[in-house]
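In our numbering, the protein residues as written are 12 to 305.
All C-beta atoms, glycine included, are put in the ideal place defined by N, C-alpha and C.
Treat the numbers as computed from the prediction; the structure is a model and nothing was measured.
In what follows, a structure is listed as structure tokens, so that the remarks can point back to it.
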């Protein structure tokens, strides 16, 4: 991957899953910012509970854009597409949130999924319900997860981005280059002027995978190899170095849910102190990134 590849857009469709909670609103802020910087279509998907859903409960897109000073006051709906994005709001028909999301993803092209997660005694509340393997296997999507209670790296007040340090854990499998290329693209697309990437290998130094580190203006790469427990070492590094984002590749043979059940990813997500971006190997986005490196 060279600097020229950073200019090639890979994201065209973003899906944000919302339950209208404060945590979901933070995830919405990140999804909207992602749509703006990638000039993408944003679909906001809500799964209703027992009470009827009022369309006014959906996140207010124009109000947020006005607050970010991207559109003037009293702008019509047509002002939103003029920014290069398209926003749709959808009420799912199924009551099960996981099945509803998976059903939507099966019939709508999606490059990035953005959602809030709850950290509760090491469990992901959103993933408690069981889902058939044939369905979950088809949902190998790049996913940005914002743990509830965290502000993330996009300001709700004005839409500005604050990303100065990204931690990238790597292993020989899945392909470590996926997370590295994704992290480089993130800071380029978000126009982050300077910072550092920490490429972290947990294990013996002589077993560290060989990787190619792309040139990103204003950013430097730091490679570390630390022996210890994988999950604990990653969490410790993120916390001690005050990372703004954690970027990880997940096993390609697993689907969206399988990659988050009983894995290092789930254990990390239950305690991590910053947003987490995962890139499943074997998925659509992974195939595009791998094509760049050849």
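Note to self: Per the DSSP calculation, residue 208 is bridged to which residue(s)?
What the structure shows: 177 and 232
Margin query: Rounded to whole angstroms, what is the Cα-Cα separation between residue 124 and residue 38?
Written below: 10 Å
Next item on the list: Check the C-beta distance from residue 82 over to residue 53 and give it rounded, since I have them as a contact under 8 Å.
Entry: Residue 82 to residue 53, Cβ: 15 Å. No contact.
Next item on the list: Might you give, ordered along the chain, the residues of its own chain that have their beta carbon closer than 8 Å to the beta carbon of residue 202, omitting 5 neighbours on each side?
Entry: 48 and 172
Margin query: Here's the rule I'm using: 16 or more other beta-carbon atoms within 10 Å means buried, otherwise exposed. How should residue 34 be labelled?
Written below: buried
Notebook entry, point to check: Under three-state DSSP, which class holds residue 81?
Noted result: coil
Margin query: Between 36, 127, 103 and 55, which has its C-alpha nearest residue 281's C-alpha?
Written below: Among 36, 127, 103 and 55, the Cα nearest to that of residue 281 is on 127.
Margin query: I'd like the list of long-range same chain contacts for residue 99, defined as Cβ closer than 6 Å, with 5 residues on each side in sequence excluded.
Written below: Apart from the 5 residues on each side of it in sequence, residue 99 sits with its Cβ closer than 6 Å to the Cβ of 54 in its chain, given in chain order.
Notebook entry, point to check: Taking residue 234 as the reference, which of 245, 212 and 114 has the closest Cα?
Noted result: 212
Note to self: Taking the beta carbon of residue 44 as the centre, do at least 16 other beta carbons fall within 10 Å, making it buried, or is it exposed?
What the structure shows: Under the 10 Å beta carbon count, residue 44 is surrounded by 16 or more other beta carbons and is classified as buried.
Check: What whole-angstrom Cβ distance do residue 290 and residue 153 have, given they're in contact under 8 Å?
Finding: Right, the Cβ-Cβ distance comes to about 5 Å (below 8 Å), so this counts as a contact.
Item checked: N- and C-terminal bounds of the beta strand (DSSP E) containing residue 223 -> For residue 223, there is no enclosing beta strand (DSSP E), as DSSP gives it neither H nor E.
Notebook entry, point to check: DSSP on residue 300, reduced to helix/strand/coil?
Noted result: helix
Check: Are the beta-carbon atoms of residue 189 and residue 42 separated by less than 8 Å?
Finding: no
Check: Would residue 288 pass as a contact of residue 155 if the rule is Cβ separation under 8 Å?
Finding: yes
Checklist line | Length of the line joining the Cα atoms of residue 93 and residue 50 | finding: 10 Å
Notebook entry, point to check: In this structure, does DSSP put residue 128 in helix, strand or coil?
Noted result: strand
Checklist line | When 24, 276 and 176 are compared against residue 158, the one with the closest alpha-carbon | finding: 276
Margin query: If distances are taken between C-alpha atoms only, which option among 226, 220, 217 and 219 comes closest to residue 206?
Written below: 226
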